[in-house]
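See structure below.
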Amino acid sequence: MNTNKIFAAAFNFFRHWKVREDRVTLIEKLDTGGVGSLFDIQKECERRGLPLSFHVIRHADYEVSLRNLPGLFALFTKKAYYMATSAHIFLNDNFMPMAYMDIAPETTVVQLWHGMGSFKKFGGSTDLTPELREELREVNARVTHILASSEHIRKNYAEAFCVPEGKVIAIGCPQADYYFEKHDVRAVRARLEEQFPQMKGRKLALYAPTFRDDEGRDRELLSHFDFEKFERECGEEYCLAVRLHPQIQSSKVPENVPNLTGYPDVRELLLATDLLIADYSSIAVEYSLLGRPILLYAFDRRWYLEKDRGFYFDYESTAPGPVFTTMDDLCACIRERGWDLEKVKAFARLHNDYFDSQSARRVTEFYYPPGCLSTENVAGDANTFAGAKNVPGDANTFASAENVAGDANTFADAEIERKDRIHNMKIIAGLGNPTDQYKGTRHNVGFMAIDRLSDALGIAVNQHKHKAMTGSGFIAGQRVLLMKPLTYMNLSGESIRAAADFYKVEPEDILIIYDDISLEPGMLRIRKKGSAGGHNGIKSIIKHLGCDTFPRIRVGIGGEKHPGQDLADYVLGHFSAEEKEQLDEALDKAVKAAELIAADEIDEAMNRYSVGKKKRAKKSEEV
């Protein structure tokens, strides 16, 4: 029974219903027990009083059995309907039915991913079958954004999800907020000790190995860890517990060792852990935020590197702690306290850009800017948020945020500027006329430039907002909105003004790309400001913005008219074969220039690409 295709068919049936702005679907494909980034986003929206209705699709809904017949019926009816009509869909894993779904253009799909950072390789970075790789591509072609915790890992995520890097946004990991909030660690320890009395009076060492993608090796995994030796040599100070990866089903934990595999909240468990023994798991990334000791027991390191997934960064040099292949060396390190907390801090900084409790807020504001929904109860006063000093645990016992991120009170100016760029929108709009009648005409060069940018950056321009087709993403860490106004050329300013007001964008941060009859075909002229020069689309923008101080890229279309040909007929006509070649080169340059301008390098863009000569000395006619 192919539940993926059946669910997709049900979804496509309900796609004919209207998408609701206030509806959200959370897809918990990897069972996290109702915790993690998915539900942190929900809590943040609820805390702000946003009028949203949340609907959850869980891994258990997919169980094909007689006892789950009611669940399957609900999945293929009610839940398919809710998902098809949701304006936002958030995921924590690859959801394979999406490969066969016709997702509405106005629906935003966001991959939060269940792991943090990019330690071991996964997804498209591994040796997949051609069929599975193609299916993964189809799934993520329908994803709008993939969220990452650091700029350092954007390229890795793009490879893993088989998407252009422009789809990956380094905006933070909501589930990491937990580690920078205040919690009652003693209460957590008390609950653990009540369930496992052997923990009393000792520190907690957690062994958390990952799966090997090999049933035989997974089954024998724990046989390579000498629990008796650990108890003899380190048991006086540490109580050893085990938490297996959810994909390890066959490895058996010794009866006298606390098995915390089913503990509902891994973050709470890590908060109570004094020493982590990992191998290749991304759990080390989250734990590194606490600045506590991490040891890596990699008894099969050579096999793992050669036969399995491998790593995005060099395993030895970037590891958060010493790497061991024998129990003798592991136990000796624990007895001698031979770990290196500086390596833990460096590892944390490699995989994470944000050492605060604000990632859920950042993500929520990105997709639900203040005022985007009708609500009288929207929180957001910066004074209500906990600062980076709100560190988990007893400050005398546990590492503070300063031990992880350096000075918690001060970021370098460049770091503050980089983070501001993520939240301050810039607009890049191409001018043209809607409908197929005008597609590919000279007057629609601006639309063509946006299409070229969309392809280059992997930013889908498929949402109908602000009287335009729009799509948001990032250029060199700067948040941008790509726009194609649907108002027709002479009213372009209505659309540009609506978007500028909504995102609070200043004219200097609005780049307009449009055609210029006074330039030779394929030439570019880049300016920081200026008059309309007879272009009605620019006239409209100047009128609605109340100024002409916005940058622009003018693309030359000034070929030779036929005798007696009206100028309007010319600009609304199609390019010749020779002009198409010139235009193709010009659009590539326009894309590169736009990327530089978005990165505040307009002078460089002008030096490199603004090389066109005026075709006519006289003022061009109005079009």
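Mapping to the numbering used here: the sequence shown position 621 is 638, numbers consecutive. We put the beta carbon where it would ideally sit given N, CA and C, even for glycine. Please read these numbers as outputs of a predicted model, since none were measured by experiment.
Please report how far the alpha carbon of residue i lies from the alpha carbon of residue j, in whole angstroms.
i	j	result
E333	S135	15 Å
P409	R544	Summary for P409: the model assigns pLDDT 37, below 50, so the residue's position carries little reliability, and this model does not support an answer.
F31	G53	29 Å
S471	K22	29 Å
N157	F197	31 Å
H162	V205	35 Å
K269	S489	47 Å
F491	M540	26 Å
L164	S299	16 Å
L536	A615	24 Å
A26	V41	20 Å
L261	Y79	23 Å
P181	I476	8 Å
V259	A225	6 Å
L238	F56	32 Å
I294	Y117	41 Å
H105	A377	15 Å
I186	Y371	13 Å
D411	V202	Note that D411 scores 37 on pLDDT, short of 50, meaning its location in the model is unreliable; the coordinates nonetheless yield the value given after this. The straight-line gap from Cα to Cα measures roughly 8 Å.
N19	M113	11 Å
D291	D230	29 Å
G51	E353	39 Å
P387	T227	41 Å
Of the residues the options, which one's Cα is nearest the Cα of residue i?
i	options	result
S374	I58, V274, F28, E155	I58
Y99	I120, D110, R84	I120
Y174	I614, K138, P271	K138
K172	G141, Q192, F107	G141
E523	G563, M500, V462, A485	G563
L604	V302, R208, R469	R469
Y455	M506, R229, F244, E45	M506
L613	R569, K597, V588	R569
S641	L153, G189, P337, E152	It is not possible to answer for residue 641, since the shown part of the chain is limited to 18 through 640.
D194	A517, E303, S593	E303
Exposed or buried, residue i, counting other C-beta atoms within 10 Å across all chains shown (16 or more means buried)?
i	result
W34	exposed
F28	buried
L149	exposed
E621	exposed
W320	exposed
D437	Note that D437 has pLDDT 47, beneath the 50 cutoff, so the model's placement of it is unreliable and no number is given.
F90	exposed
Q264	exposed
G132	buried
L86	exposed
E710	This structure leaves residue 710 out entirely; the chain is present only between 18 and 640.
E434	Model confidence at E434 stands at a pLDDT of 46, short of 50, so the residue's coordinates are unreliable; what they give is reported in the following sentence. It counts as exposed.
The beta strand (DSSP E) with residue i in it runs from where to where?
i	result
S334	No beta strand (DSSP E) contains S334, which is instead part of the alpha helix (DSSP H) from 332-335.
I444	443-447
D533	527-533
Q128	125-128
R542	541-544
S471	Looking at the DSSP string, S471 is not in any beta strand (DSSP E); the run it does join, the alpha helix (DSSP H), is 462-474.
V185	185-187
Between which two residues does the alpha helix (DSSP H) harbouring residue i extend?
i	result
F244	244-251
R65	No alpha helix (DSSP H) holds R65; DSSP gives it neither H nor E.
G132	Run containing G132: none; DSSP gives neither H nor E here.
G233	232-236
L292	L292 -> not in any alpha helix (DSSP H); beta strand (DSSP E) instead, spanning 292-295.
S627	Where S627 is concerned, there is no enclosing alpha helix (DSSP H), given that its DSSP letter is neither H nor E.
F178	171-178
P87	86-91
T381	376-384
F519	509-520
E285	283-288
Give me the DSSP bridge partner(s) of residue i.
i	result
S489	L498
A258	L223
H72	T42
K482	A485
H162	V127
L108	I44, Q128
R37	S103
F341	Y314
R571	Y531, R542
H591	T458
N276	V259
Does residue i come within less than 8 Å of chain C when only Cβ atoms are used?
i	result
V160	Annotation note: the requested chain C is absent from the structure, which comprises a single protein chain.
Is residue i near the ligand MN, with its Cβ less than 7 Å from a heavy atom?
i	result
S54	Looking at this structure, you won't find the ligand MN or any other ligand, since it has none at all.
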